[in-house]
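Participant:
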Amino acid sequence: MSLSASRAILGLSLLALFTYTLFAGLDMPFRASMLPVFASSLAIPLTLLAIYIERKTDNQVTTQADESSGDLAVSKSEISADAFRRVRYFFLWFACLIASAHLIGFLIGLPLMVFIYLLAHREPLTLSIFLSSMVLVILYGGFQKGLVLPLPEGVLTMMLFGG
Amino acid sequence: MSTWDAVWAGLIHILEPTAFLYMMLGIVISSTLVALPGIGSKTAIALLLPLAFTLDKFEAICLIVSVWAVSNTANSITSILFAVPGGSGSQATILDGYPMARNGEASRALSAAFTSSALGGIFGAIVLALSLPVLKPLVILLGPPEFFVLILFGIAMVSTLSGKNKAKGLVIGILGLLISSVGIHLVSGIPRFTFGNLTLMDGLNLIPVTIGLFAIPELISLVASGSSISKMELNNLDSGRRQGIRDSLTHWWLVIRSSLVGVWVGMIPGLGSSVADWFAYGHARATEKDAEKTFGTGDVRGVIAVDSATNAKEGGSLIPTLAFGIPGSSTLALVFGGLLIVGVKPGKEILTTHLDVTFSFIWLLIIASVITSLLCIVFIKPLAKATQVRPTLLVPIICAVSVVGAFANSNNFGDIIVMATFGVFGYWLRLHGWPRPPLLLGLVLGPEAERHLWTSFQLYEWEFVLRPITGSLLILLIMILGWPTIKALFVKMQGEKL
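Written out as structure tokens, the structure is:
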């Protein structure tokens, strides 16, 4: 998908969202609807204005945000084809990270995925093992024992080995 | 509780051993994370929020406030050594800091920056303390209609500084308000925008949204850029530290003036450090002797002015935050959210019955600023080395911690999905220049806005907008938002006349 198509979809999605919240708000009792209706009715014309200004003034992604917004501007290196390829791989890995936490548990899944990421990026094996172990130490020592946070076992491990 | 009792109690609270330990932890984590490539103060706070909500009130305050209060100090390292701003507040430091480093005075520039930063922090805290007697009666004077408009004012001010297309900031701020309304409405019991989903019934938790919105897009950005910030050698870090400290003390009058600029900028919601540093630099350049000849070529006064202003700004930005519940900056909105989680509610209460909490903030600003500057001066070299860590090492570890952080909030796997969704959405927004900070501000202020809107309506119906202060604020808001258009029309009319 091209950047301009992605940009248009974002603007239109926001517009659709505000239209939905406006109509959904109108169906609610008055007290519950006050904020959604108030906010949506302001947001719809403003979104249209934002899309109009975006189309009229600037078609370059890099100039859409600047430092004054408190948000870092997007650099050119981030919108190259190579950068998008890296981001796609990252999304895939991130989805696997969440899935592995769900399927094989936090204590096994997260360090394992960290290890895979490091190896895939050609980090030395010893460093990869060390950093993955550090993640395990943080999760087990810091969260499970230190903060007494019960990190759940995975759905798959529960099925295979019992709870 | 008398004011002096509150001053004393505020100090005692943060000097409790565990609270002090959490302050030190906050300082070390903030200074290290801010020095790492691509990891800003917002990411640092987002990652620490899950830890904060397990702590006692003052321990959490010490952790959260110290992370925020000192984040500007370590920012100067990359600006001075590599001409890469560590954050939006350290851009002007480059102008004289980097030439100084190239002239072999890196250590002098860094220690001058750190010392000025500490002095600025102390100054900002003192101004905040002195402003409390004025703020207390002012806050008591305001009612729900004024607070509702002040909330809108705060969101609009942060939104208007959203690059070229200001409407985008406003839209995202309003989206934040709408997201805050997701879940069962506490008063009427009506589920709003939940689609029958159990995770959404309780509303969207601040922690997974924050981590998703701020930590994940920064990590994606690191992945996309594919390299560490600096590949340069770290030289000249052993000598000149004392000279830098002496420079800051010798130019005490410049420190005070620049700090005043910082406090003034900080008090206006939305302006933030990205403006404070340039204002202070401009002021120093215009008022210091021979500045026009030497500024930009490695004049230590340029570094001193900028760093004292950026840290003094924090004290100033706490004034609207504590008094009116309107965060002065996007980072402060995160701090504000963290404080709400541990039961600290800015506004009338914090300035009257819980004045000791306010003074804890002030003491934290002072003590954390001094300790951070000392630590930075002592550990210049390791902190500078942190800037050269490869993103491939940072990304997977921070991602794993983010996943657990989102889960830790409510032991609910659905929150991880919320974090991932907002992560992707945050990246999408960032890619197309829709600013993320207003969304957080809207989300944090949404429940208060709704409460004040309803109370105002019950008291005055829609006529509440005609009350003197409310009406004036609304007119001011419209003027600020509409000024660029009015100005353009005026210029066009002038052109037609000619």
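Chains L and R, in that order, give the protein sequences.
Count the first sequence with my numbering and you get residues 1 to 163, in order.
Count the second sequence with my numbering and you get residues 1001 to 1498, in order.
The beta-carbon is built from N, C-alpha and C at its ideal position, and this holds for glycine as well.
If we cut at 8 Å on Cβ distances, does R:W1068 have a partner in chain L?
Facilitator: no
Participant: Can a CB atom of chain R be found closer than 8 Å to the CB of L:I197?
Facilitator: Only positions 1 to 163 of chain L appear in the structure, and residue 197 of chain L is not among them; the question remains open.
Participant: Locate the alpha helix (DSSP H) running through R:N1075, then write down its first and last residues.
Facilitator: Element bounds for R:N1075: 1071-1082.
Participant: Going along chain A, which residues have a C-beta under 9 Å from R:K1381?
Facilitator: Among the chains of the structure shown, chain A does not appear; the protein chains present are L and R.
Participant: Just mark R:F1082 as buried or exposed, buried being the case when its beta carbon has 16 or more other beta carbons within 10 Å.
Facilitator: buried
Participant: Within 8 Å of any Cβ in chain L, is that where the Cβ of R:A1488 sits?
Facilitator: no
Participant: Below 8 Å on the Cβ atoms is my guess for R:A1046 versus L:F143; work out the distance and round it to an integer in Å.
Facilitator: Not confirmed; about 16 Å, so no contact.
Participant: Skipping 5 residues on each side, what residues in its chain have a beta carbon closer than 8 Å to that of R:I1179?
Facilitator: L1204, V1209, L1439, G1442, L1443, G1446
Participant: When you compare the stretch 1119-1134 of chain R with the stretch 1328-1342 of chain R, are there three or more beta-carbon pairs, one atom per stretch, that lie closer than 8 Å?
Facilitator: Between the stretch 1119-1134 of chain R and the stretch 1328-1342 of chain R, the count of C-beta pairs closer than 8 Å stays below three; the two stretches do not touch.
Participant: Helix, strand or coil: how does DSSP classify R:I1326 here?
Facilitator: coil
Participant: Note down, in chain order, every chain R residue with its Cβ under 9 Å from the Cβ of L:L147.
Facilitator: P1050, L1051, T1054, A1408
Participant: Look at the Cβ atom of R:I1245, then the Cβ atom of R:T1115, and state whether they are nearer than 8 Å.
Facilitator: For R:I1245 and R:T1115, yes; Cβs fall inside 8 Å.
Participant: Quick check on the DSSP output: what are the complete alpha helix (DSSP H) runs of length 4 or more inside the stretch 1122-1172 of chain R, in order along the chain?
Facilitator: 1144-1160
Participant: Quick check on the burial criterion: 16 or more other C-beta atoms within 10 angstroms. Buried or exposed for R:G1104?
Facilitator: By the 10 Å Cβ count, R:G1104 comes out exposed.
Participant: Given this structure, state the Cα-to-Cα distance separating R:I1417 from R:L1141, to the nearest angstrom.
Facilitator: 43 Å
Participant: Just checking: is the beta-carbon of R:P1145 within a distance shorter than 8 Å of some beta-carbon in chain L?
Facilitator: Not one chain L Cβ lies under 8 Å of R:P1145.
Participant: In terms of residue numbering, what span does the alpha helix (DSSP H) encompassing R:H1013 cover?
Facilitator: 1003-1015
Participant: Just list the alpha helix (DSSP H) runs in the stretch 1428-1475 of chain R, keeping only unbroken ones of 4 residues or longer that don't cross its boundaries, in chain order.
Facilitator: 1437-1460
Participant: Please report the straight-line C-alpha distance between L:Q64 and R:H1432, rounded to a whole angstrom.
Facilitator: In this prediction, L:Q64 has a pLDDT of 42, which is less than 50 and means its spatial position is unreliable; what the coordinates show is noted afterwards. Roughly 7 Å between the two C-alpha positions.
Participant: Around the Cβ of L:S69, are there at least 16 other Cβ atoms within 10 angstroms (buried) or fewer (exposed)?
Facilitator: Any reading at L:S69 is ruled out, since the residue's pLDDT is 43, under 50, leaving its predicted position unreliable.
Participant: Who are the near neighbours of R:A1009 in its chain, counting only those whose CB is closer than 6 Å to its CB and skipping five residues on each side?
Facilitator: D1356
Participant: Anything in chain R within Cβ reach of L:A6, meaning under 9 Å, just list it in chain order.
Facilitator: According to the sequence as given, residue 6 of chain L is Ser; it is not Ala. Simply W1428, L1431, H1432.
Participant: Can you give me the C-alpha to C-alpha distance between R:S1239 and R:T1078, rounded to a whole angstrom?
Facilitator: 18 Å
Participant: Give the DSSP-derived three-state secondary structure of R:N1409 in the structure shown.
Facilitator: coil
Participant: Just to check my reading of the structure: R:M1201 and R:P1191 have Cβ atoms closer than 8 Å, yes? What is that Cβ distance to the nearest angstrom?
Facilitator: 6 Å
Participant: Who are the neighbours of R:W1483 on chain L, taking C-beta pairs under 9 Å?
Facilitator: Result: empty, since nearest Cβ-Cβ is about 15 Å, beyond 9 Å.
Participant: Taking only the alpha-carbon atoms, compute the straight-line gap between R:G1423 and L:I98 and give it to the nearest angstrom.
Facilitator: 13 Å
Participant: Indicate the three-state DSSP secondary structure (helix, strand or coil) for L:R122 in the structure shown.
Facilitator: coil
Participant: Return yes when the Cβ of L:L149 is within less than 8 Å of the Cβ of R:L1051, no when it is not.
Facilitator: no
Participant: Using only the alpha-carbon positions, how far apart do R:S1308 and R:S1117 sit?
Facilitator: 5 Å
Participant: Under 8 Å between C-beta atoms, does R:S1225 make it to chain L?
Facilitator: yes
Participant: Which residues, in order along the stretch 81-108 of chain L, keep a beta-carbon less than 9 Å from a beta-carbon of chain R?
Facilitator: D82, A83, F84, R86, V87, Y89, F90, F91, W93, F94, A95, L97, I98, A101, H102, F106
Participant: Pull the bridge partners of R:R1192 from the DSSP assignment, please.
Facilitator: Partner(s): R:G1183.
Participant: When you compare only the Cα positions, how much space is there between R:L1186 and R:S1111?
Facilitator: 52 Å
Participant: Quick one: which chain R residues come within Cβ less than 7 Å of L:I138?
Facilitator: V1401
Participant: What does L:S77 touch in chain R if you count any residue whose Cβ is under 9 Å from its own?
Facilitator: A1224, S1225, G1226, S1227
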